[in-house]
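Notes follow once the structure below has been shown.
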Ligand SMILES: NC(=O)c1ccc[n+]([C@@H]2O[C@H](COP(=O)([O-])OP(=O)(O)OC[C@H]3O[C@@H](n4cnc5c(N)ncnc54)[C@H](O)[C@@H]3O)[C@@H](O)[C@H]2O)c1
Ligand SMILES: NC(=O)c1ccc[n+]([C@@H]2O[C@H](COP(=O)([O-])OP(=O)(O)OC[C@H]3O[C@@H](n4cnc5c(N)ncnc54)[C@H](O)[C@@H]3O)[C@@H](O)[C@H]2O)c1
Ligand SMILES: [Zn+2]
Ligand SMILES: [Zn+2]
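Chains as they are written, first to last, in UniProt numbering: chain A, 1 to 383; chain B, 1 to 383.
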């Protein structure tokens with residue numbers, strides 16, 4: 001029972017929905033971004049888009065975070081009730097602990113209980129945890145089912161739902177098991193953000209700002225002008241911020257789908273420091289975006305002190321992150337512990353420290369062979 | 001840390017090693033078949049071949065069946081000791097129960113304990129159980145490590161190690177979770193067969209004979225002439241039988257890597273019946289190849305009665321399977337139970353029974369819409 005080839009493209013998006021295409025040849029897919037008044041009031045929008053994007057199928061398996069079961073989750077299932085598809089719903093407990101070997105084993109069995117076969121499509125509704133877990137289940141159940149991502153956190157909308165990385169954690173480390181598995185569609189409804197706690201929303205903004213620094217100077221300027229409105233979640237600038245972020249990630253992913261050319265590494269701007277912050281602080285203490293904000297500050301400090309960019313870049317980044325309500329420093333940073341973590345990190349090539357560093361707003365380079373004392377100084381500058 | 005691109009091809013195979021290439025574009029890989037006196041006496045042969053095939057790497061993780069730890073397993077690790085690679089060995093208990101969600105979770109953690117990263121290569125040493133389990137672990141650890149298959153059963157040499165299917169079972173069914181993940185090399189040393197129990201060896205011959213029926217009439221004739229010598233495991237005809245089988249599977253897989261065109265379905269000749277036999281007999285009662293032999297007989301009976309082929313085809317197949325020591329009938333076959341299983345089987349398109357049926361030795365077709373009473377008659381004919 002082969003999976004049908006991907007349909008050519010989504011045909012007629014509703015007026016309030018814009019579409020970005022992730023250009024991956026025969027694995028190309030649309031990111032549909034919907035916003036505005038009709039959101040929750042027009043549940044049929046999703047179902048028709050969905051059928052256009054996935055092609056011939058008989059069964060939809062909604063895998064959802066319990067936290068959004070009554071909002072985004074019920075909207076999606078409501079919409080699918082207007083379709084001829086058989087519908088199954090699987091609930092996942094909120095939080096990082098669901099990205100475990102135990103939960104994926106249970107999920108595989110639950111999928112089998114729904115009588116899933118290759119004509120089934122998995123729909124992941126939730127934040128990055130659900131997208132990664134359900135995405136990995138889709139990648140591996142009967143060696144691959146179609147997947148649609150419906151992100152409900154800002155981080156998932158601008159980052160984890162796009163690009164095809166799926167996976168789970170091991171007790172010994174995060175995201176150590178997984179697959180590259182591209183979805184057939186990403187469906188972003190900005191209305192889903194209305195229930196997202198403030199701290200989660202702000203955390204997501206760190207990745208948004210990251211795209212401006214790494215490869216889109218115009219977008220960085222747009223954010224400087226509109227950060228207050230975005231923070232208020234005003235529909236139009238929020239939608240633009242999400243769309244520009246997705247376009248940015250889609251460009252990078254199209255260049256380097258499976259991390260073979262090295263281009264995809266630019267997405268790790270600030271992340272080598274951030275992982276060291278998260279790891280030494282203890283996972284869960286800081287939100288990921290908070291650590292990324294601090295990490296971007298450390299990376300920019302490092303770039304300035306290596307003479308790779310003007311201090312003005314650092315100042316503009318500082319101002320924008322601050323305006324977004326993100327932390328800029330971490331007073332408990334332990335320089336030696338952080339460097340020890342970085343030395344174990346995958347981003348270290350043959351024992352030498354390697355960083356993604358900006359030379360101007362809108363451009364970063366992968367820099368190897370960075371002396372440890374310069375790294376230490378950058379950490380100290382953000383303490 | 002990207003995985004390096006696949007090396008162009010293996011350069012200089014030793015004199016007693018022949019190489020078949022699986023033509024899969026940038027995922028092409030060699031099947032090296034070694035036999036003859038030097039086998040166990042020349043352990044360095046593997047290591048040099050291995051390094052040619054996988055390219056730049058620092059660490060080898062041998063995942064092995066405990067049953068062959070002192071023979072094939074120790075030969076492989078012995079050979080790698082002549083290389084600069086860091087070496088880890090992980091033991092897997094023999095038998096189908098190791099293809100479980102529990103065992104894969106443990107294996108992922110054991111791989112992490114070896115400090116595996118993207119410069120590590122997984123080497124699966126054992127039968128199809130080890131190849132499927134270790135292959136799935138390779139496909140998913142850090143979203144993909146390189147894999148080398150070292151099959152030690154006849155079935156694994158001629159079937160499971162070639163073609164990129166990897167996976168595990170769920171309590172509710174076999175091979176329900178997995179990935180398509182092509183190895184970088186398959187290393188077949190026919191000397192490893194010397195310890196294989198007779199019943200396992202004969203079971204593997206069913207798949208060998210299958211290739212002759214489905215797409216290689218010359219090979220079928222070769223088998224008719226040489227089956228006694230192959231049964232004695234004489235080196236030259238055994239090696240030829242394995243090489244021709246691998247060539248056959250490699251051709252089919254090259255045409256339809258991920259079961260999208262339908263061509264790969266021809267490998268299921270006899271298997272719709274065989275799965276019904278295995279399932280109604282209770283898994284483990286019959287070996288897979290034994291069920292395949294009976295299933296091929298049922299399929300040929302069906303083809304004859306549908307007027308799709310001469311009775312001579314059935315007679316030649318009967319004679320060859322019998323000469324190989326394989327069962328031709330199953331006296332306990334329950335027609336209704338078997339048809340019920342087939343109706344649930346993935347090979348059923350929209351509720352109609354579909355079979356791979358021969359029209360002459362060397363050619364099969366996918367036939368849909370087969371009436372249930374014809375299927376019942378074919379089962380009864382082999383009872
Ligand atoms: N695959 C990738 O490329 C990629 C990229 C970045 C991060 N990630 C992964 O993403 C995960 C983090 O994602 P996340 O930040 O979305 O975390 P998350 O999924 O845990 O969601 C954060 C919290 O918000 C809740 N929530 C989700 N949507 C909500 C809504 N609309 N209203 C109210 N509450 C809501 C969740 O229940 C959870 O408590 C991590 O596991 C990380 O490894 C993956
Ligand atoms: N991936 C594929 O394309 C594919 C194709 C066909 C079958 N399979 C899978 O392969 C598995 C069956 O493979 P198998 O028949 O090799 O079973 P197996 O791996 O269980 O091996 C059979 C038995 O032989 C023992 N053994 C292995 N090598 C030996 C040796 N050299 N000497 C002595 N004993 C040895 C094993 O310990 C085991 O007890 C099934 O799980 C099936 O689903 C996969
Ligand atoms: Zn991030
Ligand atoms: Zn088989």
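Beta carbons: idealized from backbone N, C-alpha and C, even for Gly.
- The beta carbons of residue 191 of chain B and residue 35 of chain B sit about 7 Å from each other, so the pair counts as a contact at 8 Å.
- With a beta-carbon spacing of about 5 Å, residue 147 of chain B and residue 122 of chain B fall inside the 8 Å limit used to define contacts.
- If only uninterrupted beta strand (DSSP E) runs of at least 3 residues are considered, those enclosed by the UniProt domain "3-dehydroquinate synthase N-terminal" (90 to 202) of chain A are 120 to 126, 146 to 151, 165 to 170, 173 to 180, 185 to 189.
- Check the Cα spacing between residue 372 of chain A and each of A:364, A:162, A:383, A:341: the tightest is with A:341.
- Of all residues in the segment 100 to 124 of chain B, only 101, 105, 108, 109, 112, 117 come within less than 7 Å of chain A when Cβ atoms are compared, listed by chain position.
- Taking a beta-carbon distance threshold of 8 Å, residue 304 of chain B does not count as an interface residue toward chain A.
- Taking each of A:188, A:212, A:132 in turn and checking the Cα distance to residue 182 of chain A, the smallest one comes out for A:132.
- Nearest Cα to residue 369 of chain B within the set B:379, B:358, B:306: B:306.
- Counting only residues of its own chain and dropping the five nearest sequence neighbours on each side, residue 330 of chain B has a CB closer than 7 Å to the CB of 277, 294, 382, 383.
- Chain B places no beta carbon closer than 8 Å to that of residue 158 of chain A, leaving this residue out of the contacts.
- In the structure shown, the three-state DSSP call for residue 240 of chain B is helix.
- Residue 178 of chain B is positioned such that its CB atom lies no closer than 8 Å to that of residue 163 of chain B.
- Here residue 71 of chain B really is in contact with residue 195 of chain B; their C-beta atoms are around 6 Å apart, less than 8 Å.
- The beta-carbon of residue 171 of chain B is placed less than 8 Å from the nearest beta-carbon of chain A.
- A residue is called buried when at least 16 other Cβ atoms come within 10 angstroms of its Cβ; residue 216 of chain A meets this threshold and is buried.
- For residue 54 of chain A, no CB of chain B lies under 8 Å from its own CB, so it is not counted at the interface with that chain.
- The beta-carbon of residue 167 of chain B is placed less than 8 Å from the nearest beta-carbon of chain A.
- Listed as beta-bridge partners of residue 355 of chain B by DSSP are B:367.
- Pairing residue 85 of chain B with residue 58 of chain B gives a Cβ-Cβ distance under 8 Å.
- Annotation: residue 260 of chain B is outside any alpha helix (DSSP H) and is labelled neither H nor E by DSSP.
- Assignment of residue 24 of chain B by DSSP, reduced to helix, strand and coil, places it in the coil class.
- Under the three-state reduction of DSSP output, residue 329 of chain B falls in the coil class, being neither helix nor strand.
- Out of B:101, B:141, B:171, B:208, the CA that lies nearest to the CA of residue 61 of chain B is found in B:141.
- When DSSP states are grouped into helix, strand and coil, residue 78 of chain B belongs to the helix group.
- Between residue 52 of chain B and residue 4 of chain B, the CB-CB gap reaches or exceeds 8 Å.
- From the listed residues A:78, A:65, A:22, the smallest Cα separation to residue 95 of chain A is found for A:65.
- One alpha carbon belongs to residue 119 of chain B, the other to residue 112 of chain B, and they sit about 13 Å apart.
- Taking non-hydrogen atoms of ligand 2 into account, the C-beta of residue 175 of chain B is found less than 7 Å away from one of them.
- Distances from the CB of residue 271 of chain A to the heavy atoms of ligand 3 include at least one below 7 Å.
- For the set A:91, A:245, A:137, A:101, the Cα lying nearest the Cα of residue 158 of chain A is the one of A:245.
- Between residue 125 of chain A and residue 73 of chain A a beta carbon distance of about 5 Å is seen, short of the 8 Å cut, so the two are scored as contacting.
- Each residue's CA atom was taken as its position, placing residue 343 of chain A and residue 176 of chain A some 18 Å apart.
- Proximity of residue 177 of chain B to chain A, defined by a Cβ-Cβ separation below 8 Å, is satisfied.
- Ligand 2 has no heavy atom closer than 7 Å to the beta-carbon of residue 275 of chain B.
- With its beta carbon less than 8 Å from one in chain B, residue 143 of chain A belongs to the interface.
- A heavy atom of ligand 3 is found nearer than 7 Å to the CB of residue 159 of chain A.
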